[in-house]
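The sequence shown begins at 2 in the working numbering and counts up by one.
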Amino acid sequence: MTTIAFIGLGNMGNPMAANLVKAGHAVQGFDLVPDNLTTARKNGVTVMANATAAVKDAEIVITMLPAGKHVLSVYEDIASKVQKGALLIDSSTIDVESARKAHAVAGKHGLLSIDAPVSGGTGGAAAGTLTFMAGGAPEAFARAEPILKPMAGRIVHCGDAGAGQATKICNNMILGVSMIGVAEAFVLAEKLGLAHQALFDVASTSSGQCWSLTTYCPVPGPVPSSPANRDYQPGFAAALMLKDLKLSQEAAQGAGAVTPLGAEAAQLYALFNALGHGDVDFSGIINFLRGKSKQ
Ligand code: NAD
């Protein structure tokens, strides 16, 4: 049994913390939202009054927060209060620069740290099947791996500090671009009088094959489990896709990478969000490409 502090018990954090409790760990949690603390308590988490209280005696500290500024502010608060030898794991999706700053704060206090963002969404968080992509020193990763296991389907060490976040935004830039590509192809198919199923049957086993088509098909029918079959309820909300695409574009500008399709995808998801569809699954962008707000 390990004593774990869990800070940020929202849609992702609460089910993740619940899986750590189920695995036999003592989890001390904190969130700013009282309802989230009530859920955490029901899941067996020991609810603490603030982040500083949560990290007391913790060997591991996990953060699952909205953005870089929240992570840095929590790290500044807790870094001097965490016990010597503790490991900090940040699983939030944040910009690479803030992730590296968070590692530096930990390092300044002699603490090991990894950035370990996830993919798999709230379903994966509840099922304990998230993919973790980790960045940090090998000894930090080695300590983190057994702790992450009860929450994970897959854990990959991607490189040094920030490499987990870099992987996450590159992956999600592929996802945003490929979803738009797949959606455009279905819209064209409709105009050409081609059945959705016919396009799917060929493209899913041909060179057009990709996850946005075969797992998350943006039209109802071919993949019964995709959000298109339940009126585009997320799934992965368009607001979160926009967040990740913006992070990819910030990183691209900072690093001098040319990502014109990523930039276009960010613009299209910004428009989709501005039209009030931020809480729709990101595959719902197909309706926007049809010039409609709904199916
Ligand atoms: P969420 O908004 O539901 O949860 C974040 C929680 O952090 C909130 O409950 C908020 O009250 C809490 N918080 C903010 N500042 C805090 C502070 N100073 N101290 C304590 N708690 C604080 O968001 P989420 O959906 O759980 O996502 C969390 C992170 O995971 C985000 O970075 C998101 O991009 C990423 N992510 C989300 C999904 C998803 O499908 N929801 C998938 C992959 C990654």
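Here a beta-carbon is modelled for each residue, glycine too, at the ideal position from N, C-alpha and C.
Neighbour-count burial assignment, residue i, 16 or more Cβ in a 10 Å radius
i	result
Asp116	buried
Ala162	buried
Gly292	exposed
Gly30	buried
Thr94	buried
Among the options, the one whose alpha carbon lies nearest that of residue i
i	options	result
Leu246	His71, Ser179 and Gly124	Ser179
Leu262	Gly177, Leu131 and Ala145	Gly177
Ala135	Ala153, Gly160, Val106 and Ala100	Gly160
Met152	Ala18, Leu89 and Lys85	Ala18
Leu131	Glu146, Cys211, Phe283 and Glu98	Glu146
Thr3	Gly279, Phe201, Val62 and Asp32	Val62
Gly154	Phe133, Gly277, Asn15 and Ser205	Phe133
Asn44	Gly14, His104 and Ala167	Gly14
Gly256	Gly11, Gly222 and Asp96	The sequence shown places Ala at residue 256, rather than the Gly named in the question. For the residues Gly11, Gly222 and Asp96, the minimum Cα distance to Ala256 belongs to Asp96.
CB of residue i within 7 angstroms of CB of residue j, strictly
i	j	result
Gln250	Ala267	yes
Gln166	Ala68	no
Ala299	Pro16	Residue numbering for the chain in the displayed model covers 2 to 296; residue 299 lies beyond these limits and cannot be assessed.
Ile185	Leu290	Here the sequence assigns Glu to residue 185, which means Ile is not the residue at that position. For Glu185 and Leu290, yes; Cβs fall inside 7 angstroms.
Ala239	Asn274	yes
Residues near residue i by beta carbon distance below 8 angstroms, same chain, minus five either side
i	result
Arg42	Val48
Residues near residue i in its chain [Cβ-Cβ closer than 7 angstroms; skip 5 each side]
i	result
Leu269	Ile181 and Ile286
Ala52	Ile8, Phe31, Val75, Asp78 and Ile79
Spatial neighbours of residue i in its chain, beta-carbon cut-off 6 angstroms, leaving aside the 5 residues before and after
i	result
Val28	Ile5, Phe7, Ala18, Leu21, Val22 and Val46
Gly122	Phe237
Met242	Gly177, Tyr270 and Phe283
Pro235	Asp282
Leu66	Gly9, Val72 and Ser93
Report the start-end ranges of each alpha helix (DSSP H) in the region 6-84 that is 4 residues or longer and not cut off at the edges. Complete alpha helix (DSSP H) runs here, min 4: 14-23, 35-43, 52-56 and 69-79.
Contiguous beta strand (DSSP E) assignments of at least 3 residues, all confined to the region 163-222: Listed in chain order, there is nothing to give.
Where in the region 109-142 do unbroken runs of the alpha helix (DSSP H), each at least 4 residues long, occur, reported from the N-terminal end onward? 122-128
Uninterrupted beta strand (DSSP E) stretches inside the region 260-284 (no shorter than 3 residues): none
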